[in-house]
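For the sequence shown, the residue numbers in mature numbering (1 follows the signal peptide of the UniProt record, and there is no 0) are -18 to -1, 1 to 77. Glycine included, C-beta positions come from ideal geometry on N, C-alpha and C. Working notes, beginning with the structure itself.
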Amino acid sequence: MKRIFITMIAISSLASCATGPNAQRGAVIGGLGGAAVGGIIGNQSGRGLEGAAIGAGLGALAGNAIGDSQDRRYYYNDRYYNHRGYRHGRYYYYD
């Protein structure tokens, strides 16, 4: 159990340092967290492996959804219309 926990901590720390879209990072972190929580809850009923698998799947789906919404928000916030008013150039009069 200690070996699995240490491996999950190492993988999650490496995944959090990787660059990439938030959806992929969220899926990895959500999957690892879901596997840990699902394994603990499943172990209570004697089905730790099944609980970890279900928790990993649900955690990955939730993490992907949250990361995708962050990616969309960052993408669309950069592209809003910024109205700065009318700017007139200098007028030059020639005689």
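Query, Result
"Once the 5 residues before and after residue -9 are set aside, which same chain residues still bring their CB inside 8 Å of it?", "none"
"Contact defined as beta carbons within less than 8 Å: I believe residue 33 pairs with residue 20. What is the distance between those atoms, to the nearest angstrom?", "4 Å"
"Just to confirm, is the Cβ distance from residue 16 to residue 40 under 8 Å?", "yes"
"What's the C-alpha gap between residue 3 and residue 45?", "12 Å"
"Considering only C-alpha positions, which residue in the set 58, 59, 50 and 55 is nearest to residue 10?", "50"
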